[in-house]
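Asker: Quick one: the structure is below, and I'll ask about it shortly.
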Amino acid sequence: MTSNSARRERGFTLIEVLVALAIIAVAMGAAMRATSVMISNNRALQDKTLALMAAENALAQMRLEQTLPPPGTRKVACPQGGQAMQCELVTTSSLNRGFRQVTVRVHPAGDDDAVITQLSGLVSNLR
330 MTSNSARRER GFTLIEVLVA LAIIAVAMGA AMRATSVMIS NNRALQDKTL
380 ALMAAENALA QMRLEQTLPP PGTRKVACPQ GGQAMQCELV TTSSLNRGFR
430 QVTVRVHPAG DDDAVITQLS GLVSNLR
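In structure tokens, the structure reads:
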């Protein structure tokens with residue numbers, strides 16, 4: 330009897346191996362899902378960062394021109410980081426006649442409904 334029980338305890342049964350493989354498969358699936366979510370979030374963060382840079386550049390360009398833009402809305406191309414984007418510049422009067430309130434909304438090129446980011450600032454003609 331001792332030789333029989335020694336043979337049984339030498340290795341794993343097929344069921345034990347299958348259970349271990351199932352646990353590993355579930356863990357690998359969860360790891361792949363987490364990696365996919367991280368990649369997606371990284372891409373969204375990169376798009377927002379580039380859009381914010383495009384909005385800051387549009388405001389800086391308006392400030393460098395040192396002329397008051399007329400009130401109204403205009404759209405200009407504002408590519409950033411190799412991505413095509415469109416900046417919507419909404420200019421409104423402010424309480425001080427020497428300043429204009431400018432809101433820059435950045436859209437993906439060709440999609441006026443989706444706003445990636447929005448930035449507001451004041452522009453003046455003071456030198």
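Here the sequence shown is numbered in the numbering used here, starting from 330 and rising by one per residue. Using N, Cα and C, we set each Cβ at its ideal position, and we do this for glycine too. Just so we're clear, the structure is a prediction, and the values are computed from it rather than from any experiment.
1. From the DSSP output, which residues share a beta bridge with Leu-448?
2. Roughly how many angstroms separate the alpha carbons of Met-330 and Phe-341, rounded to a whole number?
3. With DSSP as the reference, please indicate the residues paired to Ala-272 in a beta bridge.
4. For Leu-388, tell me which candidate among Gln-412, Arg-434 and Ala-354 has the shortest Cα-Cα distance.
5. Between which two residues does the alpha helix (DSSP H) carrying Gln-375 extend?
6. Report the CB separation of Leu-397 from Gln-430 in whole angstroms; it is logged as a contact under 8 Å.
7. What number of angstroms, rounded off, separates the C-alpha of Thr-378 from the C-alpha of Ala-351?
8. Using the Cβ count rule (16 or more neighbours within 10 Å means buried), how would you classify Glu-417?
Answerer: In short:
1. According to DSSP, which records beta bridges pairwise, Leu-448 is partnered with Val-433.
2. Here Met-330 scores only 49 on pLDDT, less than 50, and its place in the model is too uncertain to base an answer on.
3. Residue 272 cannot be examined here, being either before or after the span of the chain that is shown, 330 to 456.
4. Measuring from the Cα of Leu-388, the nearest candidate turns out to be Arg-434.
5. Going by DSSP, Gln-375 is part of the alpha helix (DSSP H) stretching over 343–394.
6. In fact, because the Cβ distance is near 11 Å, the residues do not count as touching under 8 Å.
7. If I take the Cα positions, the gap works out to 41 Å.
8. Burial of Glu-417 is indicated by the presence of at least 16 other C-beta atoms within 10 angstroms of its C-beta.
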